[in-house]
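Chemist: For what it's worth, my numbering labels the leading residue of the sequence shown as 5, then goes sequentially.
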Amino acid sequence: MIMGNLEYPQGISFAQLEKTQQAIAAAVGHNAAVQAVMSSAGQGAGAFGSGNSGRLIIRLKPLGERPSGTQVIAELRQTVSHFAGVQASFQLPPAIQMGPVSSQSNYQYILQSEDQDSLNAAAPKLVTALRKVPGLQAVNSDLQLANPEIEVHILHQRAQALGVTPEIIEQALNFAFGGTQVGTIYASTNQYEVILDLARQFQTNLGALAAITVPGSAGLVPLAALAHFAYGVGPLSISHYNGLPSVTISFNLAPGVSLGNATQAVQDTAAKILPADVQGEFGGSAAAFSQSTGSLPMLLLATVALIYAILAILYEDFIHPLTILTALPLAGFGALLALWIFHQELDLFSFVGIIMLVGLVKKNGIIMVDFAIHRRREGATAVDAMVDACITRFRPIMMTNLAAVLGILPIAIGIGAGAESRVPLGVAVAGGIIVSQFLTLYVTPAFYVLFEGWKGRWKGRMAVSEAKAEGVGSAISPNCDI
Numbered sequence: 005m006i007m008g009n010l011e012y013p014q015g016i017s018f019a020q021l022e023k024t025q026q027a028i029a030a031a032v033g034h035n036a037a038v039q040a041v042m043s044s045a046g047q048g049a050g051a052f053g054s055g056n057s058g059r060l061i062i063r064l065k066p067l068g069e070r071p072s073g074t075q076v077i078a079e080l081r082q083t084v085s086h087f088a089g090v091q092a093s094f095q096l097p098p099a100i101q102m103g104p105v106s107s108q109s110n111y112q113y114i115l116q117s118e119d120q121d122s123l124n125a126a127a128p129k130l131v132t133a134l135r136k137v138p139g140l141q142a143v144n145s146d147l148q149l150a151n152p153e154i155e156v157h158i159l160h161q162r163a164q165a166l167g168v169t170p171e172i173i174e175q176a177l178n179f180a181f182g183g184t185q186v187g188t189i190y191a192s193t194n195q196y197e198v199i200l201d202l203a204r205q206f207q208t209n210l211g212a213l214a215a216i217t218v219p220g221s222a223g224l225v226p227l228a229a230l231a232h233f234a235y236g237v238g239p240l241s242i243s244h245y246n247g248l249p250s251v252t253i254s255f256n257l258a259p260g261v262s263l264g265n266a267t268q269a270v271q272d273t274a275a276k277i278l279p280a281d282v283q284g285e286f287g288g289s290a291a292a293f294s295q296s297t298g299s300l301p302m303l304l305l306a307t308v309a310l311i312y313a314i315l316a317i318l319y320e321d322f323i324h325p326l327t328i329l330t331a332l333p334l335a336g337f338g339a340l341l342a343l344w345i346f347h348q349e350l351d352l353f354s355f356v357g358i359i360m361l362v363g364l365v366k367k368n369g370i371i372m373v374d375f376a377i378h379r380r381r382e383g384a385t386a387v388d389a390m391v392d393a394c395i396t397r398f399r400p401i402m403m404t405n406l407a408a409v410l411g412i413l414p415i416a417i418g419i420g421a422g423a424e425s426r427v428p429l430g431v432a433v434a435g436g437i438i439v440s441q442f443l444t445l446y447v448t449p450a451f452y453v454l455f456e457g458w459k460g461r462w463k464g465r466m467a468v469s470e471a472k473a474e475g476v477g478s479a480i481s482p483n484c485d486i
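(1) Can you give the beta carbon distance from Pro152 to Gly15, rounded, assuming they're within the 8 Å contact cut?
(2) Check the C-beta distance from Ile438 over to Gly369 and give it rounded, since I have them as a contact under 8 Å.
(3) According to DSSP, simplified to helix, strand and coil, what is Tyr446?
(4) Ordered along the chain, which non-local residues of its own chain (more than five positions away) have a Cβ less than 8 Å from that of Gly357?
(5) Would the beta-carbon of Ala176 fall within 9 Å of that of Leu147?
(6) Hey, Asn144 and Leu257: beta-carbon distance below 9 Å or not?
(7) Please report the straight-line C-alpha distance between Val76 and Asn209, rounded to a whole angstrom.
(8) So, are the CB atoms of Gly58 and Glu11 less than 9 Å apart?
(9) So, helix, strand or coil for Gly288, using DSSP?
(10) Would you check if the distance between the CB atom of Phe255 and the CB atom of Leu134 is smaller than 9 Å?
(11) Taking 9 Å as the cut-off, decide whether the C-beta atoms of Val453 and Val387 are in contact.
(12) Please report how far the alpha carbon of Pro333 lies from the alpha carbon of Ser440, in whole angstroms.
(13) Would you kindly work out how many angstroms separate the C-alpha atoms of Ala191 and Gly182, rounded to a whole number?
(14) Can you list, in chain order, the residues of its chain whose CB lies under 7 Å from that of Ala4, leaving out five sequence neighbours each side?
(15) Kindly list the residues whose CB is nearer than 7 Å to the CB of Ile572, restricted to its own chain and excluding five residues on each side of it in sequence; keep chain order.
(16) For Ala27, count the other beta carbons within 10 Å of its own beta carbon; 16 or more makes it buried, fewer makes it exposed. Which is it?
(17) Give me whichever residues DSSP pairs with Leu10 in a beta bridge.
(18) Need the endpoints of the beta strand (DSSP E) that Ala215 sits in, please.
(19) What is the rounded straight-line gap between the Cα of Tyr312 and the Cα of Leu303?
(20) In this structure, what does DSSP give as the bridge partners for Ser44?
(21) Which first and last residues belong to the beta strand (DSSP E) in which Glu320 is found?
(22) Give, in chain order, every unbroken run of the alpha helix (DSSP H) that is at least 4 residues long and sits entirely within the segment 125-206.
(23) Starting from Ile395, trace the beta strand (DSSP E) in both directions and tell me its first and last residue.
(24) With DSSP as the reference, label Thr330 as helix, strand or coil.
(25) Would you mind stating whether Ile419 and Gly284 have Cβ atoms separated by less than 9 Å?
(26) Is it buried or exposed for Leu60, if we count other Cβ within 10 angstroms and need 16 for buried?
(27) To which residues of the same chain is Ala163 closer than 6 Å at the C-beta, ignoring the five residues directly before and after it?
(28) Tell me the rounded alpha-carbon separation between Lys136 and Lys23.
(29) Output needed for Ser354: all residues of its chain with C-beta closer than 8 Å, excluding positions within five of it in sequence on either side, in chain order.
(30) Tell me where the alpha helix (DSSP H) around Asn265 begins and ends.
(31) With burial defined as no fewer than 16 other Cβ atoms inside 10 Å of the residue's Cβ, what is the status of Thr330: buried or exposed?
(32) With DSSP run on the structure shown, which of helix, strand or coil describes Ala280?
(33) At a cut of 8 Å, does the segment 81-89 reach the segment 201-215 through at least three beta carbon pairs?
(34) Leu361 and Ala384 look like a contact to me (Cβ under 8 Å); what is the Cβ gap, rounded to whole Å?
This is the structure we're talking about:
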């Protein structure tokens, strides 16, 4: 499934928006990879759908009958580009939704300021600059300042003289344009809500607006006697974030662009354009990635430290756990190499895959080192013990690694609906296991022999020191006061 968001020129009539929306939905439905399209227009703009946005929910054919979701999105973007004035963004629903569900794109950058005018001036400049940044697609914002509106300027002194308060005028306008329920009709098998509002043909007519009456101290008073009316433009809505006026800028990534590089490019561009009184921060998935880039290395180190402590307790030794953990850097290198070869992003899913590798790869070292320790207790040398371990344990290591790779292969290939977002996880795990499978058979034995040699020399020195200490102690008279 693909979610599509369409943004039309500000001030477009709903009739024209609906016509264009239907044409775009029909064009999208003609794509060979599309099975069905659900279209809606004007949502989020009041009861009458007078907004300038549209939405498409696109169901794709089975994966065996179509190209990947990324390729389909590229085709759909090309299709919508033929409609003048329409900004389109398409996205695959993420497996883990961390941003606003109504967001136009996968990633968000939120601007906020105490000064609404400064915020309104800075946001369009940043959007224009970000659209020129390589690797960013579908850059849009929720700031809309050129929407047509009717301005009502209340004559407060005259209204006060006639006993009409601003709240009464506001309530009358809300009844006329907001669609307020004023009653319910109960039938034998159903009930119907009674909605009071102006007919659509009168909602843009100043004469009809002036004829609305409101209750005053001496009876009904026409609105024309209490206010002046004029056409104008203004914001469709004013958003707030953390209690401050805000503007949300949404963007997607081009294929092959990492989220880390994209967030850095957005921050660099914002630093050049935003004034001092406008601040920006990432939201949704981009914010989670920015936070994780600082916490995940510490989490990885804590995981390795915990594993080392458990292995040290298990073997009652401080050296053998280090031998086992020598496979981890190789697995990390393999994961990064696989992501680079297959042009996958280093995102949250790939980070999860790298952490999974810590548990999967250390198993190889445990199998070899445990057998080598057993042979050493039988009197074998370090080299002979590790050679026997590599030969004897090669088959179980190969079988377990092969089972892990085959198990993760469907995720790495992207089999199943919506599997594209999980591909980096599978690629990272499979690449790390494959690389560590071959390199561990050479690196871990080398470190084992090296550490065993260090341990043997250290024990020899300790034995010599103890022997010297015992010799000095026997030469001292028992009656000597030390």
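Using N, Cα and C, we set each Cβ at its ideal position, and we do this for glycine too.
Here the structure is a predicted model, which means the values were calculated and not measured.
Modeler: Straight from the coordinates:
(1) Confirmed, about 5 Å.
(2) Taking a contact as a CB-CB distance under 8 Å, the pair Ile438 and Gly369 does not count as one, their CB atoms being some 16 Å apart.
(3) Here Tyr446 sits in helix by DSSP.
(4) Ala339, Pro428, Leu429, Gly430, Val431, Ala432, Val433, Gly436, listed in sequence order.
(5) At least 9 Å separates the beta-carbon of Ala176 from that of Leu147.
(6) With a cutoff of 9 Å on beta-carbon distance, Asn144 and Leu257 are scored as not near each other.
(7) Note on geometry: alpha-carbon atoms of Val76 and Asn209 lie some 44 Å from one another.
(8) Cβ atoms of Gly58 and Glu11: closer than 9 Å.
(9) Per DSSP, reduced to three states, the secondary structure at Gly288 is helical.
(10) Contact flag set, yes.
(11) Judged by their CB atoms, Val453 and Val387 are nearer to each other than the 9 Å cut-off.
(12) Rounded to the nearest angstrom, the gap between the Cα atoms of Pro333 and Ser440 is 9 Å.
(13) About 26 Å.
(14) Any property of residue 4 remains undetermined from this structure, which presents the chain solely from 5 to 486.
(15) Here the chain covers residues 5 to 486 and nothing more, so residue 572 does not appear.
(16) By the neighbour-count rule (16 or more Cβ atoms within 10 Å), Ala27 is not buried but exposed.
(17) Residue pairing by DSSP places Leu10 opposite Gly58, Ala92 in a beta bridge.
(18) Bounds of any beta strand (DSSP E) do not take in Ala215, whose DSSP letter is neither H nor E.
(19) A direct Cα-Cα distance of roughly 14 Å separates Tyr312 from Leu303.
(20) Bridge partners of Ser44 according to DSSP: Arg59.
(21) Taken as a continuous stretch (DSSP letters only), Glu320 belongs to no beta strand (DSSP E), as it is neither H nor E.
(22) Taking only runs of at least 4 residues, the alpha helix (DSSP H) segments lying wholly in the segment 125-206 are 160-165, 170-182.
(23) Careful: Ile395 lies outside any beta strand (DSSP E), inside the alpha helix (DSSP H) at 386-417.
(24) Coil.
(25) Cβ distance not < 9 Å, so Ile419 and Gly284 don't count as in contact.
(26) Burial call: buried.
(27) Only residues of its own chain outside the window of five on either side were considered, and among them Leu230 have a CB closer than 6 Å to the CB of Ala163, listed in chain order.
(28) Rounded to the nearest angstrom, the gap between the Cα atoms of Lys136 and Lys23 is 31 Å.
(29) The residues Ala339, Leu343, Gln348, Pro428, Leu429, Val431, Ala432, in chain order, have a CB closer than 8 Å to that of Ser354 in the same chain once the five nearest residues on each side in sequence are set aside.
(30) Segment 263-277, the alpha helix (DSSP H) holding Asn265.
(31) Taking all protein chains shown into account, Thr330 has 16 or more neighbouring C-beta atoms within 10 Å of its C-beta and is therefore buried.
(32) Judged by DSSP in its simplified three-state form, Ala280 adopts coil rather than helix or strand.
(33) Counting Cβ pairs under 8 Å, fewer than three are found: no touch.
(34) For Leu361 against Ala384, the beta-carbon gap comes to about 31 Å, at or over 8 Å, which does not count as contact.
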